[in-house]
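Protein chains in written order, with our numbering: chain A, 1 to 233; chain B, 1001 to 1292.
Beta carbons are placed, not taken as given, at the ideal position from N, Cα and C, and that holds for glycine.
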Amino acid sequence: MTEPVVALRDVSLGYDSTAVLEHVSLAIQRGEFVALTGPNGAGKTTLLRGMLRLIPVLAGRIEYGFDHIANPPGYVPQRESLDPIFPITVFEVVLMGTYAKLPPLWHVSRRARRVAAESLERVGLAAAARRPYWELSGGQKQRVLIARALAAEPAVMFLDEPTAGIDSAAEVAITELLARLNREQRMTIVLVSHHVGRIGSFLDSLIEVDDGAATKRAVAAQNGRDAPVGSTA
Amino acid sequence: MSTLVEILRSDFLLRDALLGSVLVGFVCPLVGVYFLLRRMIFLGVALPQVSAAGIAAAFLLYSLFVGPHSTLAGGERLLAIAGSATFTVTATVLLALWERRGRERVEARIGATYAIAAAATMLLLAKDPHGDAEIVGLLKGDILATTSASLTVMLVTFGAAALVLFAFRKELLLVSFDRDLAVVFGKRAGLWDLVLYVVIAAVISLGVMSAGPMATFGFLVVPPLTVRLITRRMLTFSVGSALLGAVTAFAGFYCAYRYDVPLAPAEIAVASAALAVVATTVAVRRAVWRAA
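Here it is as structure tokens:
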């Protein structure tokens, strides 16, 4: 069995010492495509933020199969969390992904610029590089944020509601992009989704979050996919 | 035209004051850009007031424990800088900590800081047995009193601040634009916040000492607001704001000297005129574009 990318051992997560989720134990395997689902306010984003170390673990422990400094994960936040007051181009947003491995005082190298340009190309928005980020549609912004995550050259990517509030064509484009990254590069993908929708047919596992608990179950077989090693709940 | 030639001459009587004005005009917007982007413009009002309270406190403490500061013979400025910097750095660090931990809105904390600092300044001045017009002058800031020594202090401090902002622009942009991503990348977001706040505190405390709260706050806010209307990139936003600040400071100085009016209001009037012109042009252009 391979080492999990993330393993939660009897973890409690929440805010201001108040637990939203308690006694969560599950593991996400390398190369797995996982969706965190559940009703509004159930704690899906809390679980994702806990895995990303954005909120403290109240009890238990989380183990990681990667080094956060040497090989940080890709992260795609909810696009509304970014402030439109920043005058920033699409390329500047994507370039931020390359800062992951850039120590202070180091100049952004030609390689980093090339990686950012290639990441933008992979999401089909190379032509928009010089456009202001805020002028893009919701679906385009989401793809730019995915390009920014790719620019970090991650082995695992976490996405918070990547298909929320966008039209169905954009949803298809994003779903297919994530499926391709998972299939062709064996990239581990963990995303929060209020409803599974189109992504459902590409998933290996679902983590259902409700009533302060999170339960993982495999769906790879019913999707006709080979389950990654150790991905059963 | 003759006035312009006169103030550009190397032996111009107020040359140090002119250079000091342009320096304040150049560096304050570099800091102000972050005020605008982090939506904490009111900090630009509160911190100069905290700086003033620090100056008053330093003089009162000197009076109580050492002796009359009127005998300091030129050391008043150093004493004032020490008090101003201590108070401003402490206040910015505390505000940064509360920003992450407090429950109430950031505006409420900044408003309370302003009120407390304003009251403290007046009370400390009232209790200073040697409080006199010179201290009040320091609290207001008097750029015309700039000497070559104080200009050197400004050059070193403002130069260091600009250097830090330029050298760490990647990190400061990342924690300002998407703090969560910075944390996910394993960056020490709290440390970068602290670096930014210390630079802000240093620029504001020296800006208030040199040019007064009005000019400092004006240059912190007005040039970035103006350039924000026309720029699409972060780099041009920062550099454009600094250049506009320097140019409006020079133009304000020219107007003040030419028409014999107070310097700080003249500088802010010129900067505001630039804002009005740019805002009007942008609005007209948008209206034409929509109509077409």
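query: Taking 7 Å as the CB-CB limit, is TYR99/A close to chain B?; result: yes
query: Within 10 angstroms of the Cβ of PRO84/A, are there 16 or more other Cβ atoms? Answer buried if so, exposed if not.; result: exposed
query: Tell me which residue opens and which closes the alpha helix (DSSP H) that SER1176/B is part of.; result: 1169 to 1177
query: Should ARG30/A and VAL57/A be called a contact, given that it needs their Cβ atoms to be closer than 7 Å?; result: no
query: Within the segment 1160 to 1244 of chain B, note down every full alpha helix (DSSP H) run reaching 4 residues or more, in order along the chain.; result: 1169 to 1177, 1179 to 1184, 1189 to 1228
query: Does the segment 36 to 45 of chain A come close enough to the segment 205 to 215 of chain A to have 3 or more Cβ pairs within less than 8 Å?; result: yes
query: Can you find at least 3 beta carbon pairs, one from the segment 1204 to 1211 of chain B and one from the segment 47 to 62 of chain A, that sit closer than 8 Å?; result: no
query: Assign ALA1126/B to buried or exposed, taking buried as 16 or more other Cβ atoms, counted over all protein chains shown, within 10 Å of its Cβ.; result: exposed
query: For PHE1065/B, is the classification buried or exposed, using 16 other Cβ atoms within 10 angstroms of its Cβ as the cut-off for buried?; result: exposed
query: Under DSSP, the alpha helix (DSSP H) around ALA112/A begins and ends at which residues?; result: 110 to 122
query: Interface residues of chain A around ARG1233/B at Cβ under 8 Å?; result: PRO87, ILE88, THR89, GLU92
query: Mind listing which residues of the segment 57 to 76 of chain A have their C-beta closer than 7 Å to chain B's C-betas, in chain order?; result: HIS68, ILE69, PRO72, PRO73, TYR75
query: Give every residue of the same chain whose Cβ lies closer than 8 Å to the Cβ of ALA1042/B, excluding the five residues on either side of it in the sequence, and list them in chain order.; result: Ala is not the amino acid found at residue 1042/B; the sequence shown has Phe there. Taken in chain order, the residues that qualify are GLU1107, ILE1110, GLY1111, TYR1114.
query: Could you give the DSSP three-state label for THR98/A: helix, strand or coil?; result: helix
query: For ASP1180/B, go through chain A and note every residue whose CB falls closer than 9 Å to its CB, in chain order.; result: ARG49, LEU52, LEU54, TYR75, PRO77, SER81
query: Would you say PRO132/A faces chain B, with C-beta separation under 7 Å as the test?; result: yes
query: Which runs of the beta strand (DSSP E), 3 residues or longer, sit entirely within the segment 27 to 77 of chain A?; result: 33 to 37, 57 to 64, 74 to 76
query: Can you tell me whether DSSP reads PRO1265/B as helix, strand or coil?; result: helix
query: When DSSP labels each residue in this structure, what does MET1154/B get in the three-state scheme?; result: helix
query: Note down, in chain order, every chain B residue with its Cβ under 8 Å from the Cβ of LEU105/A.; result: ALA1167, PHE1168
query: If you measure from the beta carbon of GLU1295/B to each beta carbon in chain A, is any gap under 7 Å?; result: Only positions 1001 to 1292 of chain B appear in the structure, and residue 1295/B is not among them; the question remains open.
query: Would you say THR232/A reaches chain B, if we count a Cβ-Cβ gap shorter than 7 Å as a contact?; result: In this predicted model, THR232/A has a pLDDT of only 45, less than 50, meaning its place in the structure is not dependable; the value taken from the coordinates is given anyway. Output row for THR232/A: interface = no.
query: Taking the C-alpha atoms as reference points, what is the distance between THR98/A and GLU1006/B?; result: 51 Å
query: Can you confirm whether MET96/A, when its beta carbon is compared against all beta carbons of chain B, has any partner nearer than 7 Å?; result: yes
query: ALA1120/B lies in the alpha helix (DSSP H); which residues open and close that run?; result: 1106 to 1127
query: Look up PRO154/A in the DSSP assignment and say whether it is helix, strand or coil.; result: coil
query: Less than 6 Å between the CB of THR1280/B and some heavy atom of the ligand FMN, yes or no?; result: The ligand FMN is not part of the structure shown, which contains no ligands of any sort.
query: Name the DSSP bridge partner or partners of VAL192/A?; result: LEU36/A, ASP160/A
query: Evaluate THR1216/B with the Cβ neighbour count: other Cβ atoms within 10 Å of its Cβ, from every protein chain shown; 16 or more gives buried, anything less gives exposed.; result: buried
query: Helix, strand or coil for LEU206/A? Go by DSSP, reduced to three states.; result: strand
query: Can you look up LEU1064/B in the DSSP assignment and give me helix, strand or coil?; result: helix
query: Given that LEU1037/B touches chain A, what residues does it touch there, using C-beta distances under 8 Å?; result: ASP83, ILE85, PHE86
query: How many Å lie between ALA233/A and LEU125/A at the Cα?; result: With a pLDDT of 43 at ALA233/A, under the threshold of 50, the modelled position of that residue is not reliable, and the figure given next carries that caveat. Approximately 37 Å between the Cα atoms of the pair.
query: Under the rule that 16 or more other beta-carbon atoms within 10 Å means buried, what is ARG49/A, buried or exposed?; result: buried
query: Taking the alpha-carbon positions, what's the VAL1213/B to PHE1219/B distance?; result: Just to set this straight, residue 1213/B is Pro in the shown sequence, not Val. Roughly 10 Å between the two C-alpha positions.
query: For the alpha helix (DSSP H) that ASP1016/B lies in, which residues bound it at each end?; result: 1015 to 1037
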